[in-house]
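**Student:**
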Amino acid sequence: MVKETSSEGQVRFTTFLQHLEEARQLQLDWMTYGIDCVDLYVEDVDGDWLEKWGEEGEDEEVQRQKIVAAIAGFLESNDWVAVRIRKQFNDESKSLAEVAIELEKCLSILEPHERLFAVKKVLADGIKTTDNDLYAGLEYNDFELLDLAEELLEKFAENFRWVYGSN
Numbered sequence: 038m039v040k041e042t043s044s045e046g047q048v049r050f051t052t053f054l055q056h057l058e059e060a061r062q063l064q065l066d067w068m069t070y071g072i073d074c075v076d077l078y079v080e081d082v083d084g085d086w087l088e089k090w091g092e093e094g095e096d097e098e099v100q101r102q103k104i105v106a107a108i109a110g111f112l113e114s115n116d117w118v119a120v121r122i123r124k125q126f127n128d129e130s131k132s133l134a135e136v137a138i139e140l141e142k143c144l145s146i147l148e149p150h151e152r153l154f155a156v157k158k159v160l161a162d163g164i165k166t167t168d169n170d171l172y173a174g175l176e177y178n179d180f181e182l183l184d185l186a187e188e189l190l191e192k193f194a195e196n197f198r199w200v201y202g203s204n
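Per our numbering, residue 38 is the first one in the sequence shown, and the count goes up by one each step.
In C-alpha cells:
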C-alpha cells in the first residue's frame with residue numbers, strides 16, 4: 038500500500054516537472070521570438086476563430102430548445118409520471134410548454150438536492166387549493182410532490198441521458 042502511494046506521488050511529481058519544463062520552454066521562446074512564438078504553440082492563429090466566437094451561444098440555445106421540446110413531448114406522453122404531472126396542471130394556468138421551460142431550467146442546476154427541490158417547486162406551482170382543503174392537504178401534497186419530483190427526475194435520467202451528458 039505504501040509503495041502504491043509513493044509511486045502515485047512519483048508519477049504526479051514527474052508530471053509536474055514536465056509541465057514546469059514546458060512553461061520554461063514557453064518563457065524562453067517568448068524571450069527569443071517575441072509575439073511570433075505564438076505561431077509555435079497555436080495552430081490556427083490566423084484563422085477565423087474571432088469571427089466565430091459568439092456562435093457557440095447559438096449552439097447552446099439550439100440544444101436548450103431540443104431539451105425543452107423533449108421534455109414537452111414527455112409531458113404529453115402516456116407515461117404515468119407525465120399523466121400525474123398533467124393532473125397537477127389541470128387548471129390550465131400554465132401550458133405544458135411553459136412547464137417544460139421551467140423544468141429545463143431545473144435540469145441545469147448542478148446540485149442534485151437543489152435540482153430536486155426546484156422541480157418540486159415547479160410542480161407545486163401547479164396546485165390550486167381551496168380554503169377548505171388547504172390545511173388538510175399541505176403535508177400530503179408536500180410529500181406527494183417530492184415523490185413525484187423524484188420520479189420525474191428518474192424518468193429524465195432514463196429517457197434523456199443525452200441531456201444529463203451535456204450538463
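Even glycine gets a Cβ: it sits at the ideal position worked out from N, Cα and C.
Reducing DSSP to helix, strand and coil, say where Ile146 ends up.
**Tutor:** Note: Ile146 maps to coil in three-state DSSP.
**Student:** Do Ala186 and Leu153 count as a contact pair if the criterion is CB distance below 9 Å?
**Tutor:** Yes, they are a contact pair.
**Student:** State yes or no: is the C-beta of Leu140 within less than 9 Å of the C-beta of Glu113?
**Tutor:** No, the Cβ-Cβ distance between Leu140 and Glu113 is not below 9 Å.
**Student:** Identify which residue in Glu59, Ile72, Ala161 and Lys89 has its Cα closest to the Cα of Asn127.
**Tutor:** The shortest Cα separation from Asn127 among Glu59, Ile72, Ala161 and Lys89 belongs to Ala161.
**Student:** Pull up the CB-CB distance for Glu45 and Val118, whole angstroms please, since I reckon it's below 8 Å.
**Tutor:** That pair is no contact at about 45 Å.
**Student:** In whole angstroms, what is the alpha-carbon distance linking Lys157 and Lys89?
**Tutor:** Spanning the two alpha carbons is a distance of roughly 39 Å.
**Student:** In whole angstroms, what separates the C-alpha of Gly163 from that of Phe180?
**Tutor:** Roughly 15 Å between the two C-alpha positions.
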